[in-house]
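Undergrad: Numbering (the working numbering), first residue to last: 918 to 1164.
1. What is the DSSP secondary structure of residue 1141, counted as helix, strand or coil?
2. On the premise that residue 1112 lies in contact with residue 956, defined as a C-beta separation below 8 angstroms, what is that separation, rounded to the nearest angstrom?
3. Kindly list the residues whose CB is nearer than 6 angstroms to the CB of residue 1007, restricted to its own chain and excluding five residues on each side of it in sequence; keep chain order.
4. Quick one: what's residue 1007 bridged to in DSSP?
5. Please name the residue in 949, 929 and 965 whose C-alpha comes closest to that of residue 1061.
6. Do you know how far the Cα of residue 992 is from the Cα of residue 1134?
7. Need the endpoints of the beta strand (DSSP E) that residue 1035 sits in, please.
8. Within the same chain, show all residues whose beta-carbon is closer than 6 angstroms to that of residue 1076, passing over the 5 residues directly before and after it, in chain order.
9. With contact counted as at least three CB pairs below 8 angstroms, one residue from each stretch, are the segment 1016 to 1035 and the segment 1094 to 1107 in contact?
10. Assuming residue 956 is part of the beta strand (DSSP E), what are its boundary residues?
11. Leaving out five residues before and five after residue 1109 in sequence, what residues of the same chain have Cβ atoms less than 7 angstroms from its Cβ?
12. May I ask you to check if the CB of residue 1036 is nearer than 8 angstroms to at least one heavy atom of the ligand SAM?
13. When you compare each of 1122, 1099 and 1036 to residue 929 by their alpha carbons, which one comes out closest?
14. Ends of the alpha helix (DSSP H) at residue 1117?
15. Taking residue 1153 as part of the beta strand (DSSP E), name the residues at either end of that continuous run.
16. In whole angstroms, what separates the C-alpha of residue 1158 from that of residue 1129?
Now the structure itself:
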């Protein structure tokens, strides 16, 4: 279920459009499970995911001088690595329009699909009460020079390097830890392996469904058939990015 959190910055307009670019197999999974998959942070492919900036490492001794014991600084790195494996993320593209760059970046074949939703629909569609989902915009910083806020284990998961700024990412984040029977934290094993499925109301989540610019006709027919099978009365649209120009 969606929960607000001060670390997560919402879009100024809660009706802002968001897009999730996926391949056909992930679309089938979404419909069959009625669930969004949140990928464990260290499985996303970015080695900097969930890490602090080099500026943080350099400035910590001075920032925390006299405030916390020196050995506590040494534990920062270890705890950060633990939380990376206990955090799962679901990524969306924040834009009023579909993106040619995002089609090329995330889809390696012609069977690509984009789910169009809005920030408000996304947060409202999250019905799974077993998991708290925080949603907000990613901030892009210079990991060599910029200080990243500290004091909350969620801060590293709303910051990425400047080189990813084109993604205009809005992300849902789950951060959970495993507990022992005696109530203490169990640091020995992450709560989830590759990630976790979170139940959603598909009728509420999906506004429109777009097919990749070069997708074949059979994909349109198949996706249309599948939406009817799952009783989803949603528009299935062919991307117009490859339409012929008018002279």
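Ideal Cβ positions, reconstructed from N, Cα and C, are used throughout, including at glycine. This one's a predicted model, so the numbers in the text were calculated from it and none came from an experiment.
TA: On the basis of the coordinates in this document:
1. Within the chain shown, the letter at position 224 stands for residue 1141. Here residue 1141 sits in helix by DSSP.
2. Here residue 956 refers to the residue found at position 39 of the chain shown. Here residue 1112 refers to the residue found at position 195 of the chain shown. Rounded, the Cβ-Cβ distance is 4 angstroms, consistent with contact.
3. One-based indexing of the chain shown puts residue 1007 at position 90. If we look at residue 1007 and ignore the five residues flanking it on each side, its Cβ neighbours are 953, 955 and 1089.
4. Counting from one through the chain shown, the residue named residue 1007 turns up at place 90. For residue 1007, which the question treats as bridged, DSSP gives the partners 1089.
5. Taking the first residue of the chain shown as position 1, residue 1061 is located at position 144. Considering only alpha carbons, the answer is 965.
6. Within the chain shown, numbered from 1, the residue matching residue 1134 stands at position 217. Within the chain shown, numbered from 1, the residue matching residue 992 stands at position 75. The straight-line gap from Cα to Cα measures roughly 55 angstroms.
7. Position 118 of the chain shown holds residue 1035. Element bounds for residue 1035: 1029 to 1035.
8. Sequence index remark: in the chain shown, residue 1076 carries index 159 (1-based). The residues are 1056, 1058 and 1065.
9. Fewer than three pairs of CB atoms, one per stretch, sit closer than 8 angstroms, so the segment 1016 to 1035 makes no contact with the segment 1094 to 1107.
10. Sequence index remark: in the chain shown, residue 956 carries index 39 (1-based). Going by DSSP, residue 956 is part of the beta strand (DSSP E) stretching over 952 to 957.
11. By 1-based counting over the chain shown, the position of residue 1109 is 192. So the list reads 957 and 1005, once near-sequence residues are dropped.
12. Among the ligands in the structure shown, none appear at all, so the ligand SAM cannot be discussed.
13. Stepping through the chain shown from its first residue, residue 929 is reached at position 12. When 1122, 1099 and 1036 are compared, the shortest CA-CA separation from residue 929 is found for 1036.
14. Translated into the one-based positions of the chain shown, residue 1117 becomes position 200. No alpha helix (DSSP H) holds residue 1117; DSSP gives it neither H nor E.
15. The count along the chain shown starts at 1 and reaches residue 1153 at position 236. Per DSSP, residue 1153 belongs to the beta strand (DSSP E) from 1152 to 1155.
16. Here residue 1158 corresponds to residue number 241 of the chain shown, with the count starting at 1. Here residue 1129 corresponds to residue number 212 of the chain shown, with the count starting at 1. Taking the straight line joining both Cα atoms gives about 9 angstroms.
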